[in-house]
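J.: I am attaching a structure below and will ask some questions about it afterwards.
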Amino acid sequence: MEMLFIFSIIALIFFTAERIDPARTQPVFRRGIFTDGIYTVTSILVRVLVNGYLFVMISQLGETFFPAYLIGVLSGQPILVQSVAIIVLLDMFFYVMHRLKHRWQWWWRLHETHHSSQDLDWFSSVRFHPLEKVLDRTIYLLPLLFLGASKEALLVLATVDAMVASFSHSNLNWRIGPFIYIFVGPEMHRWHHSSDPKRRECNYGNNLSIFDWMFGTAYLTQENPTSFGLDDSRYPEGNMIKQFIYAFRPIPSPEKDESQSREIKTGKSH
Ligand SMILES: [Zn+2]
Ligand SMILES: [Zn+2]
């Protein structure tokens with residue numbers, strides 16, 4: 000319930016700010032806006048499912064199988080300490096997972112939904128394949144279980160997540176100056192959504208940019224990308240159901256490609 004209230008405030012702030020100082024001219028009803036409306040509903044359902052069922056199940060498993068001193072390292076610490084610790088640790092997890100999503104074909108198939116927005120704005124931040132969200136949230140449960148953060152700290156994390164995601168995807172002509180060496184701003188994240196597949200292999204951070212700067216994947220310039228989205232003409236734009244199914248198309252196996260090219264070569268020699 001709290002999150003719905005926070006989301007409404009964020010919507011009001013960013014919708015208004017994007018009308019006042021946009022980075023690019025694009026209509027209010029931009030491409031994919033209705034699809035993103037459906038993605039908002041699916042992400043709420045995923046949150047309810049994972050937090051309500053999986054979290055309880057995994058916590059019980061953890062309490063049964065792990066010694067008590069390993070669980071709940073953060074419990075009893077002030078909310079601020081807990082919040083900073085989970086934001087930094089989960090961002091580190093996110094950074095590694097995000098790089099793997101761009102490297103492993105099966106994970107990219109799920110993640111490409113997030114990259115399919117052709118017009119980027121604050122509302123694009125909700126677009127995720129539901130299975131990618133379920134997987135993300137399930138993986139996150141492991142560090143959360145060990146840390147044992149309080150409900151209040153988890154609410155701070157969810158609020159920071161929603162605020163930074165909306166801002167980093169926003170169509171705002173704003174830059175965050177030197178803070179860009181700590182936090183992700185739109186000037187960095189929009190390059191991650193570039194339609195040029197080579198250019199988008201940068202800026203993997205979620206809330207924090209520190210891991211990108213640390214591991215040499217940061218890209219920052221005065222320019223903005225000229226187009227967003229995927230370089231796949233068959234991608235089903237504007238249809239959430241088709242996008243869901245498109246992630247399960249067969250992955251071409253390297254051996255098959257090799258044997259096919261061998262056949263072609265043999266055919267040529269005859
Ligand atoms: Zn990505
Ligand atoms: Zn994004």
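Mapping of the sequence shown onto numbering that gives the first Met the number 0: position 137 corresponds to residue 136, and the numbering continues sequentially without gaps. Backbone N, C-alpha and C define an ideal beta-carbon position, used for all residues, glycine too. Predicted model only: the values in this text are computed from it and were never measured.
Would you mind sorting G228 into buried or exposed? The rule is 16 or more other CB atoms within 10 Å of its CB.
T.: Working through the sequence shown from its first residue, we reach residue 228 at position 229. Buried is the call here.
J.: Measure the Cβ-Cβ separation of D118 and R29 and say whether it is below 8 Å.
T.: Residue mapping note: residue 118 aligns to position 119 of the sequence shown, counting from 1. Residue mapping note: residue 29 aligns to position 30 of the sequence shown, counting from 1. Yes, these two residues count as a Cβ contact at 8 Å.
J.: Just the C-alpha distance for W212 and Y180, rounded to the nearest angstrom, thanks.
T.: Here residue 212 corresponds to residue number 213 of the sequence shown, with the count starting at 1. Here residue 180 corresponds to residue number 181 of the sequence shown, with the count starting at 1. Between W212 and Y180, the C-alpha separation is close to 7 Å.
J.: Would you mind working out which of F214, N172, S226 and G147 sits nearest H191, comparing C-alpha positions?
T.: By one-based count along the sequence shown, residue 191 stands at place 192. Nearest option by C-alpha distance: S226.
J.: Rounded to the nearest angstrom, what separates Y234 and P142 at their Cα positions?
T.: On the sequence shown, residue 234 is found 235 positions in, with the first residue counted as 1. On the sequence shown, residue 142 is found 143 positions in, with the first residue counted as 1. Approximately 35 Å, taken between the alpha carbons.
J.: What number of angstroms, rounded off, separates the C-alpha of W103 from the C-alpha of I250?
T.: Counting from one through the sequence shown, the residue named residue 103 turns up at place 104. Counting from one through the sequence shown, the residue named residue 250 turns up at place 251. Rounded to the nearest angstrom, the two C-alpha atoms are 11 Å apart.
J.: Output the distance between the C-alpha atoms of T63 and I70, rounded to the nearest integer angstrom.
T.: The count along the sequence shown starts at 1 and reaches residue 63 at position 64. The count along the sequence shown starts at 1 and reaches residue 70 at position 71. Their Cα atoms are separated by approximately 11 Å.
J.: Starting from the Cα of F182, find the closest Cα among N172, L171, E200 and V159 and give me that residue.
T.: For the purposes of this step, residue 182 is taken as residue 183 along the sequence shown, with counting starting at 1. The residue with the shortest Cα to Cα distance from F182 is V159.
J.: Using a Cβ-based criterion (distance less than 7 Å to any ligand heavy atom), does H168 qualify as near ligand 2?
T.: Here residue 168 corresponds to residue number 169 of the sequence shown, with the count starting at 1. It does: the Cβ of H168 is within 7 Å (strictly closer) of some heavy atom of ligand 2.
J.: Buried or exposed: F214, going by 16 or more other Cβ atoms within 10 Å of its Cβ?
T.: Numbered from 1 along the sequence shown, position 215 holds the residue referred to as residue 214. Exposed is the call here.
J.: Is the beta carbon of L146 less than 8 Å from the beta carbon of L73?
T.: Within the sequence shown, the letter at position 147 stands for residue 146. Within the sequence shown, the letter at position 74 stands for residue 73. Yes.
J.: On a CA-only basis, which of D120, M162 and R98 is nearest F210? Give me that one, please.
T.: By 1-based counting over the sequence shown, the position of residue 210 is 211. Measuring from the Cα of F210, the nearest candidate turns out to be R98.
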